[in-house]
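Asker: This is the structure I have questions about; it appears just below.
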Amino acid sequence: MGILIAFWSPLHGRGNTSNCIATAMQLSMKYNIESYITHTHYTRSTMECAFLDGKEEEDILKLSDLGLDSINRAIKAGLDVEDVKSYCNKINDKLYLISGSKKSNIEVFQENIGRDFGNICDFIKQGDNVCFVDIDSGYKSDIAKEIIDIADYVVVTLDQTNLLCEDYLSSDFRVNQEKEITVMGRFDNNSKYTKKYLSKKFKKEVFVIPTDSEFLDSLNNHRVKSFFDKKYDIEDDLFFDELNILVDELASNLEAKGMFLKLREEKPKKKFIFFNI
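Every letter in the sequence shown is one number past the one before it in the working numbering, and letter 103, counting from 1, is 833.
And the structure:
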């Protein structure tokens, strides 16, 4: 059976989508496990922009055989789980993008993908894979609530704003702590609200994904794959050092759930690299 990992934040603009993208990419670069990544947003997402070039994005809008809508139809027609990849954009040899819905208005979206998204996730989980889902931030989305309920793990993206952490900790909507993984997005390493301070506040290990301008540029310039191809194994880089801590924790949790993960063949570590977006 597969594993479903949801990324959610109680507030918009905390870097939840970029955290989901970074985590899925790095897991696919480090470990020999098949993964899918998708989202629940009605509008076009940062995800398509990050992974697909301009022509590929146009093709997604024109073609009817890729993405959530197509997979949903195919499942109802008797799709084999091994064939899900046929409806995806291949990002690398282990990661596949399931692009978002192309429904014409929000009501149609909610009646179709909104109603069936949980079933789609359950179907994909029949395979030996990991499915990353970036879900709508906040407390209003019914889809988000459903995915949080059925997910094996929920990565909760917060930030170093003390008030946000306090609000979440006291919220009635706090995620089940047995599957909650707390991440500080857009982390400022120079802030007084350090990783150690935040872990003490939450009474458990808190993970961080530091702000990295090159990574953020790659999201906007359709070059996430290129960014990770060149930098995923770099040493002494704060962004990748912290990202690897999170990814390795997820890998450990996946193994505890019975999945077999194997590190991909490592290349000699890079001490530094010049990278221009």
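Glycine included, each C-beta is placed from N, C-alpha and C at the ideal position. Quantities reported herein were computed from a predicted structural model and do not represent experimental measurements.
According to DSSP, is G915 part of a helix, a strand, or is it coil?
Answerer: On the sequence shown, position 185 is the one that residue 915 refers to. The answer is strand: DSSP assigns G915 an E or B state.
Asker: At what residues does the alpha helix (DSSP H) containing F781 begin and finish?
Answerer: Here residue 781 corresponds to residue number 51 of the sequence shown, with the count starting at 1. Taken as a continuous stretch (DSSP letters only), the alpha helix (DSSP H) holding F781 covers T776 to F781.
Asker: Which one of I828, F847, N906 and S900 has the shortest CA to CA distance from Y883?
Answerer: Within the sequence shown, the letter at position 153 stands for residue 883. Checking every option, the nearest Cα to that of Y883 belongs to N906.
Asker: Does the Cβ of H742 have 16 or more other Cβ atoms within 10 Å, making it buried, or fewer, making it exposed?
Answerer: In the sequence shown, the residue the question calls residue 742 occupies position 12. Exposed, by the Cβ-count rule.
Asker: Whole angstroms are fine: how far does the CA of L827 sit from the CA of T768?
Answerer: Here residue 768 is taken as the residue at index 38 of the sequence shown, counted from 1. Here residue 827 is taken as the residue at index 97 of the sequence shown, counted from 1. Taking the straight line from one Cα to the other gives about 6 Å.
Asker: Helix, strand or coil for Y883? Go by DSSP, reduced to three states.
Answerer: Translated into the one-based positions of the sequence shown, residue 883 becomes position 153. Of the three classes helix, strand and coil, the one that applies to Y883 here is strand, per DSSP.
Asker: Kindly give me the distance between the Cβ atoms of F917 and P940, rounded to whole angstroms, as I take these residues to be in contact under 8 Å.
Answerer: By one-based count along the sequence shown, residue 917 stands at place 187. By one-based count along the sequence shown, residue 940 stands at place 210. That pair is a contact at about 5 Å.
Asker: To the nearest whole angstrom, what separates the beta carbons of N746 and S829, a pair I think is in contact under 8 Å?
Answerer: Within the sequence shown, residue 746 is the residue found at index 16, counting from 1. Within the sequence shown, residue 829 is the residue found at index 99, counting from 1. Not really, about 18 Å apart at Cβ, beyond 8 Å.
Asker: Quick check on the burial criterion: 16 or more other C-beta atoms within 10 angstroms. Buried or exposed for G732?
Answerer: The sequence position of residue 732 within the sequence shown is 2, counting from 1. By the neighbour-count rule (16 or more Cβ atoms within 10 Å), G732 is buried.
Asker: Note down, in chain order, each residue of its chain lying with its Cβ closer than 6 Å to the Cβ of Y844, except the 5 sequence neighbours on either side.
Answerer: Within the sequence shown, the letter at position 114 stands for residue 844. Note on identity: in this sequence residue 844 is Gly, with Tyr being the wrong assignment. Same-chain partners within the cutoff: I873.
Asker: Secondary structure at K820, three-state DSSP: helix, strand or coil?
Answerer: The count along the sequence shown starts at 1 and reaches residue 820 at position 90. Correct three-state label for K820: strand.
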